[in-house]
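Some notes on the structure that comes next.
Numbering (my numbering), first residue to last: 117 to 305.
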């Protein structure tokens, strides 16, 4: 097990989810851009799922990254809940129901973000694109939603399907971007 890699995923996910909950789309995108510049890693579950599915990461390494990202999301929501409990109530806003529009939006967000991640080497550009797709209403971090469900005890069937279904759709879109990049675009010169 690579402890440095696991810690990078944990801290990166924690920071991105924390600012997604407390700071909005701009803060999320900028924090993600900073982490992509400073620490690397995949940070977002959609990238991890795509790298495992395409064979770029070993299943064990990818599973550890995924678990650390989810743990980062849970910790971030716990910190936000702890802060909010001092001043009032906090409830997780939830996710929209996994309907065709949400599924397609997640698929395209995953595709576009992985295309930029893959073609630009996981640089700051990913954070700027994350800012844009978040403003468009796409959820970019399933780890935060898992954290919200856990902390707020919101384990309903619709929430579970919305969170994990959206995460899988984004991961599938990211996987399609990897396959498209390898098959159609080839190596960048």
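Ideal placement from N, C-alpha and C gives every residue a C-beta, glycine not left out.
Asked	Found
Helix or strand or just coil, what does DSSP make of residue 244?	helix
Which residues in the same chain have their Cβ closer than 6 angstroms to the Cβ of residue 285, if we skip the five residues on either side of it in sequence?	219, 222 and 223
Which class does residue 251 belong to by DSSP, given the choice of helix, strand or coil?	helix
Could you tell me whether the segment 231-251 touches the segment 150-166, using the rule of 3 or more Cβ pairs below 8 angstroms?	yes
Go ahead and label residue 181 buried or exposed: buried means 16 or more other beta carbons lie within 10 angstroms of its beta carbon, across all protein chains shown.	buried
Counting Cβ pairs, one atom from each stretch, are 3 or more of them under 8 angstroms apart for the segment 182-190 and the segment 126-139?	yes
Throw me the rounded Cβ distance for the residue 289 and residue 227 pair, which I believe falls under 8 angstroms.	4 angstroms
In chain order, what residues of the same chain have a beta carbon less than 8 angstroms from the beta carbon of residue 236, not counting five sequence neighbours either side?	242
Assuming residue 235 is part of the alpha helix (DSSP H), what are its boundary residues?	216-235
Which residue wins for smallest C-alpha separation from residue 246, given the options 166, 136 and 176?	136
Mapping DSSP to helix, strand and coil, what is residue 138?	helix
If you reduce the DSSP assignment to three classes, tell me which class residue 283 lands in.	helix
State the start and end residues of the unbroken alpha helix (DSSP H) segment that holds residue 267.	258-268
Closest by CA to residue 250, which one among 118, 142 and 121?	142
By Cβ distance, which residues of its chain are closer than 7 angstroms to residue 167, with the 5 residues on each side in sequence left out?	158, 173 and 178
So, for residue 277: in the same chain, excluding its five sequence neighbours on each side, which residues have a beta-carbon less than 6 angstroms away from its beta-carbon?	214
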